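Undergrad:
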Amino acid sequence: MNHNDSQLTHLHRPASRRLHRRPAHPVVTSSAVRSSVAEHAPSVVAGLPKAMIREAGMFELLAAELRIAELEKELAEAREAASTDPLTGALNRRGFEQACQRELALARRSGLSFALAHLDIDDFKNLNDTLGHQVGDKALLHLVNLLRKSMRPSDVLCRFGGEEFVLMLPATSQEEAVKAISRFLRECSANFIPGTDRALTFSAGVVVQDLSESLEQAIQRADEATYAAKRSGKNRVVTG
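Just so you know, we're using UniProt numbering here: the sequence shown kicks off at 1 and counts up by one.
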């Protein structure tokens, strides 16, 4: 190696060392940022006007209360949906059983029984087959709307299944219940299903809840009375 080559090598070495000795920049992590913010937050808050801090706290409290109200509303709607028939808006079996259990407990304390009526629309299958299921749905809504117009606020209506309904009448004797259901039947048969020239009739069985029997047993007796009404010509009310 000649003198010139040695000089070039000597000149290049310091430059190479300088390149490798560049200072490393510190890596800033998100945790470090959060730690810094948390460290300085008290001093930042302390520097704000007290009125602003107080208003911010009230805003957070109000927002929390509004959210709680929203959640309570959603919960109530979910409970209602779980106990209501989606087509007619009447209670389903679950909701009806809950209402009846409360009424049964009250009746046992007070000694006042209540009446149950089982209603079954006459010739409903024929109605669906000849006019279609949409008219069948209208018929169910028609019946429920007519019943609600005549029911007392304390009465409870349930769509028990298909074209079957059960009506609870608190503090009602069997005679009073028969009169009420017979009046419902007359009103129903006198009004056409909307959009058709057909009226509805139903067969019904009426019983008075025996305080020594279960709700299921009472409904079974009412159901048997309904079948007796069907066998004897339909469009009538029979006691069980």
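All residues carry an ideal CB built from backbone N, CA and C; glycine is no exception. Values in this document were obtained by computation on a predicted structure and should not be read as measured data.
So GLY95 packs on LYS138, CB below 8 Å; how close in whole Å?
TA: Incorrect: roughly 23 Å between the Cβ atoms, too far for contact.
Undergrad: Expressed to the nearest angstrom, what Euclidean distance is found between the alpha-carbon atoms of VAL166 and SER110?
TA: Distance between the alpha carbons of VAL166 and SER110 is about 23 Å.
Undergrad: Shorter than 9 Å from the beta carbon of PHE124 to some beta carbon of chain D?
TA: Chain labels in this structure do not include chain D; a single protein chain is all it has.
Undergrad: Please specify which runs of the beta strand (DSSP E), each continuous and at least 3 residues long, are wholly inside the UniProt domain "GGDEF" (112 to 240), giving them in chain order.
TA: The UniProt domain "GGDEF" (112 to 240) contains these whole beta strand (DSSP E) runs: 115 to 121, 156 to 161, 164 to 169, 202 to 208, 237 to 239.
Undergrad: For the region 178 to 190 against the region 122 to 138, are there 3 or more C-beta pairs whose distance is under 8 Å?
TA: No contact exists between the region 178 to 190 and the region 122 to 138.
Undergrad: Would you mind stating whether ALA99 and ALA177 have Cβ atoms separated by less than 9 Å?
TA: No, the Cβ-Cβ distance between ALA99 and ALA177 is not below 9 Å.
Undergrad: Could you have a look at LEU87 and say whether DSSP puts it in helix, strand or coil?
TA: Of the three classes helix, strand and coil, the one that applies to LEU87 here is coil, per DSSP.
Undergrad: Would you call the CB atoms of CYS158 and ASP85 closer than 9 Å?
TA: Yes, they are a contact pair.
Undergrad: Pull up the distance between the alpha-carbon of VAL206 and that of MET151, whole angstroms please.
TA: In a straight line, the C-alpha of VAL206 is about 15 Å away from that of MET151.
Undergrad: Can you look up HIS40 in the DSSP assignment and give me helix, strand or coil?
TA: Residue placement at HIS40 cannot be trusted, given a pLDDT of 48 that sits under 50; the coordinates are not used to answer.
Undergrad: In chain order, what residues of the same chain have a beta carbon less than 7 Å from the beta carbon of residue 243, not counting five sequence neighbours either side?
TA: What is shown of the chain runs 1 to 240, which leaves residue 243 out entirely.
Undergrad: Please name the residue in GLU60, ASP155, GLY233 whose C-alpha comes closest to that of ALA90.
TA: The shortest Cα separation from ALA90 among GLU60, ASP155, GLY233 belongs to ASP155.
Undergrad: Among LYS125, LEU215, PRO153, whose alpha-carbon lies nearest the alpha-carbon of LEU200?
TA: Ranking LYS125, LEU215, PRO153 by Cα distance to LEU200 puts LYS125 first.
Undergrad: So, for PRO23: in the same chain, excluding its five sequence neighbours on each side, which residues have a beta-carbon less than 6 Å away from its beta-carbon?
TA: Per-residue confidence for PRO23 stands at a pLDDT of 46, beneath the threshold of 50, marking its modelled position as unreliable; the derived number appears in the next sentence. Closer than 6 Å at the Cβ level, and outside the excluded window around PRO23, lies no residue.
Undergrad: Would you kindly work out how many angstroms separate the C-alpha atoms of THR226 and LEU119, rounded to a whole number?
TA: Roughly 7 Å separates the two Cα atoms.
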